[in-house]
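Asker: Residue numbers for the sequence shown follow this note's numbering, so the first one is 1010 and each next one is one higher. Glycine included, every Cβ here is placed at the ideal spot set by N, Cα and C.
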Amino acid sequence: MTASFPRILPRHALGCYVGAAALLYLFCAQLLAAIDIWLLPRSLLVEMLRYRAMWLVFFLTLPTVGYLLWRGADIVAWWRAPAALTLDDHALHFGARTIAYADIASMRHLHNRDHLLLTLHSGERVRLRLAIWDDAWELADQLQDAVGGNLEADTRRKLQAGDTVAFGPLAMNAGGLVHKGQQIPWTAIDTIRTQSDSEGMETDETLIIVAQGKTHKIDRSKIVNEPVMLACLRQYLPGA
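1) What does a CB cutoff of less than 6 Å around P973 pick up in its chain, not counting 5 residues either side in sequence?
2) Quick one: give me the first and last residue of the alpha helix (DSSP H) that N1182 is part of.
3) Work out the CA separation of N1182 and L1216 for me, nearest whole Å.
4) What's the call for L1125, buried or exposed, on a 16-neighbour Cβ count within 10 Å?
5) Per the DSSP calculation, T1200 is bridged to which residue(s)?
6) Please name the residue in A1030, E1056 and W1087 whose C-alpha comes closest to that of T1073.
7) Does the CB of A1029 have a neighbour CB from chain C at under 8 Å?
8) Looking at C-beta atoms only, is the number of pairs between the stretch 1218-1230 and the stretch 1137-1151 that lie closer than 8 Å three or more?
9) With three or more C-beta pairs closer than 8 Å as the rule, is the stretch 1109-1124 touching the stretch 1228-1240?
10) Thinking C-beta only, is P1019 closer than 8 Å to D1083?
Structure below.
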C-alpha cells in the first residue's frame, strides 16, 4: 500500500517569519531615529521612545526575533522540500532520498515542534517536519506504525530474555517500568495517561504514571520509540 502526502505551506511558520520581519523593522526604525532617519512616522517613534520601559523592549527585540526565526524554521524546510512525501510497504521516499524502514534504529516525536526525529542504524539523523505535509497526523501514524512494526518484535525478544529496554527517560523490563533509576512494579501502577498543555506557541505532551499514590511525569518528546513502548506496555497492562 502506498500513501502520498503533498507539501503544504506551514502558515504558523510563515506567521513567525512575518512577525520577526515586523519586529526587526521596528528595531531598525528605533535605532536609526537616533541619527534622524525615520522609517516610521516621526511622531509615532517619538511617542514610543518616551516610554520608560522602551529601552527594555529595544534590547529584547533581537532575542525575540531570533526565537521567532527558530520557531518558523519550517518555512525554510518547506522551500527546500520536494512536492510530496511517499510511504510504501518498505520505505519512506522524499525527493531522490529513500529510507527503508529496516534502516531506522529509533524515532522520537518532538511534540513541541511537531517534528519526527529518525535515527538510522548508521547514526545519521533525519528530521521530518510534519507541518509542511498535508494530513500530517496520518503521516505520523503510518510512519510510526511501519517503523514500530520492525522494532517491536526485537524489543519483545529482549524483554522475554529478561533485559531492560530503554525508551529514553523511561525503561521497561519484565518486572515493571524504570524511571530515574527507580523500579515501578507492574502491580504498583494505578493509572497511565497522557496530558496536553498549551501556552501560546508552546505545547507540552506529558506521560503521567501514578503508582501507589506517587505521580511520575515524563516529557513525551524525550521518549524514544514511543509507539513500541506503548505496544509492549499493553502486554503487561492490558487496560492501559
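Answerer: Reading off the structure:
1) Outside the modelled stretch of the chain, which goes from 1010 to 1249, sits residue 973, for which no answer is possible.
2) That residue, N1182, is in no alpha helix (DSSP H); its beta strand (DSSP E) goes L1179 to N1182.
3) In a straight line, the C-alpha of L1216 is about 18 Å away from that of N1182.
4) Taking all protein chains shown into account, L1125 has 16 or more neighbouring C-beta atoms within 10 Å of its C-beta and is therefore buried.
5) Per the DSSP secondary-structure output, T1200 pairs in a beta bridge with V1219.
6) Closest option to T1073, judged by alpha-carbon separation, among A1030, E1056 and W1087: A1030.
7) No chain C is part of this structure, which consists of one protein chain only.
8) No, they do not touch.
9) Yes, the stretch 1228-1240 is in contact with the stretch 1109-1124.
10) Yes, they are a contact pair.
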